[in-house]
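A.B. asks:
Protein chains: 2
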Amino acid sequence: MALKWIECVPNFSEGRRIQVIEEILDPLRKTRGCHLLDHSSDPDHNRLVVTLVGEPEAICKALLEASKVAIERIDLNHHRGAHPRMGAVDVIPFVPLLGTTMEECVEIAHEFGKTFHRETSVPVFFYEEAALRPDRKRLEDIRRGQFEGLKEEISKPQRHPDVGPPQLHPTAGATAIGARQFLVAFNVNLKTRDIKVAKEIAKALRASSGGLAYVKAMGVDLSQRGMVQVSMNLVDFEKNPLYRVLEMVRMEARRWGVSVEGCEIEGVVPAMALIRSAEYYLQLGELEPSRIVELALLEMMKEAGKET
Amino acid sequence: MALKWIECVPNFSEGRRIQVIEEILDPLRKTRGCHLLDHSSDPDHNRLVVTLVGEPEAICKALLEASKVAIERIDLNHHRGAHPRMGAVDVIPFVPLLGTTMEECVEIAHEFGKTFHRETSVPVFFYEEAALRPDRKRLEDIRRGQFEGLKEEISKPQRHPDVGPPQLHPTAGATAIGARQFLVAFNVNLKTRDIKVAKEIAKALRASSGGLAYVKAMGVDLSQRGMVQVSMNLVDFEKNPLYRVLEMVRMEARRWGVSVEGCEIEGVVPAMALIRSAEYYLQLGELEPSRIVELALLEMMKEAGKET
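Protein chains in written order, with this note's numbering: chain A, 1 to 308; chain B, 1 to 308.
1) Mind the definition here: the segment 46 to 56 of chain B touches the segment 117 to 136 of chain B only if three or more C-beta pairs lie below 8 Å; say whether that holds.
2) Kindly indicate which residue of A:Glu107, A:Arg16, A:Thr101, A:Ala70 has the alpha-carbon position closest to the one of Lys4 of chain A.
3) Taking only the alpha-carbon atoms, compute the straight-line gap between Gln158 of chain A and Pro93 of chain A and give it to the nearest angstrom.
4) Please go through the same chain and pick out, in chain order, the residues whose beta-carbon is closer than 6 Å to the beta-carbon of Ser67 of chain A, but skip the five residues on each side of it.
5) Give a yes or no on whether 7 Å exceeds the smallest Cβ distance from Cys263 of chain B to chain C.
6) For the alpha helix (DSSP H) containing Asp27 of chain B, name the first residue and the last one.
7) Since Ser277 of chain B is in the alpha helix (DSSP H), which residue starts that stretch and which ends it?
8) Comparing alpha-carbon positions, which option in A:Ile59, A:Ile18, A:Glu14 lies nearest Asp30 of chain A?
9) Beta-carbon within less than 8 Å of Glu119 of chain A's beta-carbon, same chain only, minus the 5 sequence neighbours each way: which residues are those?
10) For Val53 of chain B, which residues in chain A fall below 8 Å Cβ to Cβ?
11) Could you spell out where the beta strand (DSSP E) holding Pro56 of chain A opens and where it closes?
12) Going by Cα to Cα distance, which pick from A:Val122, A:Leu139, A:Pro123 is closest to Glu129 of chain A?
13) Please list the residues of the segment 22 to 50 of chain A that have a C-beta atom closer than 7 Å to any C-beta atom in chain B, keeping them in chain order.
14) What did DSSP end up calling Leu287 of chain B once you bin it into helix, strand or coil?
15) CB-CB under 7 Å to Leu98 of chain A, same chain, minus the five flanking residues each way: which ones, in chain order?
16) Got a sec? Which residues, its chain only, sit under 7 Å from Lys203 of chain B by beta carbon, not counting five neighbours each side?
17) Ser259 of chain B CB to nearest chain A CB: under 7 Å?
18) Can you tell which of B:Arg17, B:Phe116, B:Glu200 has its C-alpha closest to the C-alpha of Arg311 of chain B?
19) Using a Cβ-Cβ cut-off of 7 Å, state whether Val245 of chain A counts as contacting chain B.
20) Let me know the alpha helix (DSSP H) ranges lying completely inside the segment 85 to 138 of chain A, each 4 residues or longer, listed in chain order.
21) Write down the C-beta distance between Asn233 of chain A and Ala213 of chain A rounded to the nearest angstrom, noting that I regard them as a contact closer than 8 Å.
22) Please report how far the alpha carbon of Met1 of chain B lies from the alpha carbon of Arg276 of chain A, in whole angstroms.
23) Using a Cβ-Cβ cut-off of less than 9 Å, give me the residues of the segment 261 to 286 of chain A that come near chain B, in sequence order.
24) What's the call for Ser231 of chain A, buried or exposed, on a 16-neighbour Cβ count within 10 Å?
25) Is there a Cβ from chain A that is less than 7 Å from the Cβ of Leu139 of chain B?
26) If the cut is a Cβ gap below 7 Å, which residues of chain B does Leu98 of chain A touch?
27) What is the rounded straight-line gap between the Cα of Phe237 of chain B and the Cα of Met218 of chain A?
28) Work out the CA separation of Val122 of chain B and Phe316 of chain B for me, nearest whole Å.
29) Would you say Ser259 of chain B and Lys191 of chain B are within 7 Å of each other, going by their C-beta atoms?
30) Kindly indicate which residue of A:Glu7, A:Val91, A:Ala176, A:Glu22 has the alpha-carbon position closest to the one of Glu104 of chain A.
31) Within 7 Å (strictly less), CB to CB, does Leu242 of chain A reach chain B?
32) Determine the extent of the alpha helix (DSSP H) in which Phe147 of chain A is found, giving its start and end residues.
33) What are the boundary residues of the beta strand (DSSP E) that Ile339 of chain B is part of?
34) Using a Cβ-Cβ cutoff of less than 6 Å, which residues in the same chain neighbour His79 of chain A once the five nearest sequence positions on both sides are dropped?
35) Taking 6 Å as the limit between beta carbons, can you name the residues of its chain near His35 of chain B, skipping five residues before and five after?
36) Between which two residues does the alpha helix (DSSP H) holding Ala204 of chain A run?
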């Protein structure tokens, strides 16, 4: 077996209607070769985040089916939620995992983008590594103004989609499709209801306003749970590991006498992202992957796979 | 391939003659399907500890060859070292790893024990989970008196071996073969030269004197490195995880105003043993293995193996 696996983390704009969520997940569960590793939906964000792992062909097939369900069932004109969004299928990143390169993921994104538009009529923007223009690298720039704002702006040349005519799908908006490195979604929940605290800490943490490199952060109100959250994406968990991010949040939170209620990782996480933090807190040296049973096993299985 | 992997950690009574060590390791390196993950030898202990991982058949084949080398090249009558021993091949534990159960490892131990004796004439004692008598569970009880003492005592019915006639091999002694759970060797180094501190903390930690269950501990003098160490075996790293053991050492060390210099893990360690501690310090909930990329991949590869 020549192993070729990718990760794909599609975000759908539905976090409230269980029935719709189940309908979207159904093809992702049933398609052979596409493994649904994780999914989480949240009424506050009104969003469904899915983690798929498997062969590119199987994932694209399942994803197209799931997207068609989302586009049929979600109307952005009536969608409210804490998370910015511009489409029923809001964003689809392809991530190299095992035996695949970034270049291949860029190609997969471009191919899938064309098929996606042809089959759904939803305009597509390519982002991050799959961006065709430098000003489309950042998802935030593509999504600026969200569904409501983009409805007007998309007619301007600089905001035309990469695939499809310059107008939003009337109910399903637009979709960003891209390729990127593995990303750890790390949230720190704070023992306060004061959203200002979360926003200030997010600002202190994120690279764009001077905090930690490779960290994106925003303050989120979890009103249903009676707390606020610093919601972060760690774009390079080796350069700025989890423990450093958490300890910096704790440090900043002391300014308001606020403590950490608990933390969450969304989706899936590489073992090493956790192990690097275990090493720090346990005062261990850096452990070679070959000394961690499962990582050594995986390496051996990959080697064995090459031989046959 | 239906994946069936075990760990095996044979201990040979040679830590000084590099040539002999290399001869013992040779078949363990060369046998297909047997993976040599780690080995360490130490002149003080005069002992070689090897970590093997792979398919039971391959491991047993390689191990028999390596054992024959050790039996031919090591004469216990001239062996001196800090570590208690009764045989050239002193102890062979089989450990369930992936797709194997403790029952299977007990069976492997019993089968291998018979083959081992037939091919080498060295008497065999079965220990821990593979013990045939309750008083043979503990290796320390089997090995009492070591090579020199057992030479006399083995003729007594209560010390007869489980396989073979009641007399030691004249130069290679006897071998203990068993099955046990995965064990994590965890050492905490202390910023003091006072061995009493390490001994007192070890006493406070170990289960046998009232500390933490599933923990064995002893104080060790690292005089060359100018510090002392609490050297521990965690027999069940799920019931008493690394972070709890370390925090308890820190807590006890405060009695003497001593802090922790650093920690070490010997040999190999399961990813989950480290991840459980990352979860604690990062205030994360318990992560399902399916949400940790490499563990999920391994699981899928096992499943894929079953289908074909």
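Each residue gets a CB set at the ideal place from its N, CA and C atoms; glycine is no exception.
Owing to the predicted nature of the structure, the values given are computational and were not obtained by experimental measurement.
C.D. replies: If we stick to the structure as given:
1) no
2) By 1-based counting over the first sequence, the position of residue 4 of chain A is 4. Of A:Glu107, A:Arg16, A:Thr101, A:Ala70, the residue nearest in Cα terms is A:Thr101.
3) Walking along the first sequence from the start, residue 158 of chain A turns up at place 158. Walking along the first sequence from the start, residue 93 of chain A turns up at place 93. Their backbone Cα atoms lie some 22 Å apart in a straight line.
4) Along the first sequence, read from residue 1 onward, the residue named residue 67 of chain A stands at position 67. So the qualifying residues of the chain are Val89.
5) Although the question refers to chain C, the structure presented lacks it and instead comprises the protein chains A and B.
6) Within the second sequence, the letter at position 27 stands for residue 27 of chain B. According to the sequence provided, residue 27 of chain B is Pro. The question's Asp does not apply to it. Per DSSP, Pro27 of chain B belongs to the alpha helix (DSSP H) from 18 to 30.
7) To locate residue 277 of chain B, count along the second sequence from 1; it is residue 277. Start and end: 271 to 281.
8) Reading the first sequence from its first residue, position 30 is the one you call residue 30 of chain A. The sequence as given places Lys at residue 30 of chain A; Asp does not occur at that position. When only C-alpha atoms are compared, the closest one is A:Ile59.
9) As a first step, residue 119 of chain A is located in the first sequence; it is residue number 119 there, counting from the start. Hits under 8 Å: Leu64, Lys68.
10) Position 53 of the second sequence, counted from the start, is the residue given in the question as residue 53 of chain B. Residues of chain A passing the Cβ test: Val293, Ala296, Leu297, Met300.
11) Taking the first sequence and counting its residues from 1, one reaches residue 56 of chain A at position 56. First-last for Pro56 of chain A: 56 to 73, but that is the alpha helix (DSSP H), not the beta strand (DSSP E).
12) If you number the first sequence from 1, residue 129 of chain A lands on position 129. Here the closest residue by C-alpha is A:Leu139.
13) His35, Leu37, Asp38
14) Counted from its first residue, the second sequence places residue 287 of chain B at position 287. Leu287 of chain B falls in the coil class under three-state DSSP.
15) Taking the first sequence and counting its residues from 1, one reaches residue 98 of chain A at position 98. Hits under 7 Å: Leu3, Trp5.
16) In the second sequence, residue 203 of chain B corresponds to position 203, counting from 1. These residues qualify, in order along the chain: Ser209.
17) Here residue 259 of chain B is taken as the residue at index 259 of the second sequence, counted from 1. False, the Cβ-Cβ gap to chain A never drops below 7 Å.
18) For residue 311 of chain B there is no data in the structure shown, the boundaries of chain B being 1 and 308.
19) Within the first sequence, numbered from 1, the residue matching residue 245 of chain A stands at position 245. It does not: the Cβ of Val245 of chain A has no partner Cβ on chain B nearer than 7 Å.
20) 102 to 120
21) The sequence position of residue 233 of chain A within the first sequence is 233, counting from 1. The sequence position of residue 213 of chain A within the first sequence is 213, counting from 1. Between Ala213 of chain A and Asn233 of chain A the Cβ distance is about 13 Å, and since that is not below 8 Å, they are no contact.
22) The count along the second sequence starts at 1 and reaches residue 1 of chain B at position 1. The count along the first sequence starts at 1 and reaches residue 276 of chain A at position 276. Because Met1 of chain B sits at a pLDDT of 49, beneath the cut-off of 50, its placement in the model cannot be relied upon, and the point is left open.
23) Glu261, Gly262, Cys263, Glu264, Ile265, Gly267, Val268, Val269, Pro270, Ala271, Met272, Ala273, Leu274, Ile275, Arg276, Ser277, Ala278, Glu279, Tyr280, Tyr281, Leu282, Gln283, Leu284, Gly285
24) Taking the first sequence and counting its residues from 1, one reaches residue 231 of chain A at position 231. So Ser231 of chain A ends up on the buried side.
25) One-based indexing of the second sequence puts residue 139 of chain B at position 139. For Leu139 of chain B, the answer is no, since every Cβ of chain A falls outside 7 Å of its Cβ.
26) Reading the first sequence from its first residue, position 98 is the one you call residue 98 of chain A. Leu297, listed in chain order.
27) One-based indexing of the second sequence puts residue 237 of chain B at position 237. One-based indexing of the first sequence puts residue 218 of chain A at position 218. Distance between the alpha carbons of Phe237 of chain B and Met218 of chain A is about 37 Å.
28) The structure shown has nothing for residue 316 of chain B, since chain B only spans 1 to 308.
29) Stepping through the second sequence from its first residue, residue 259 of chain B is reached at position 259. Stepping through the second sequence from its first residue, residue 191 of chain B is reached at position 191. A contact, by the Cβ cut-off of 7 Å.
30) In the first sequence, the residue the question calls residue 104 of chain A occupies position 104. Ranking the options by Cα distance to Glu104 of chain A, first place goes to A:Glu7.
31) Residue mapping note: residue 242 of chain A aligns to position 242 of the first sequence, counting from 1. So yes, Leu242 of chain A belongs to the interface.
32) As a working note, residue 147 of chain A is residue 147 in the first sequence. Here the alpha helix (DSSP H) through Phe147 of chain A covers 146 to 153.
33) Limits of chain B in this structure are 1 at one end and 308 at the other, which puts residue 339 of chain B out of reach.
34) The residue you call residue 79 of chain A lines up with position 79 of the first sequence. Correct list, in chain order: Ser13.
35) Along the second sequence, one-based indexing puts residue 35 of chain B at 35. Here the set comprises Val53, Gly54.
36) Residue 204 of chain A sits at position 204 when you count from the first residue of the first sequence. Taken as a continuous stretch (DSSP letters only), the alpha helix (DSSP H) holding Ala204 of chain A covers 195 to 205.
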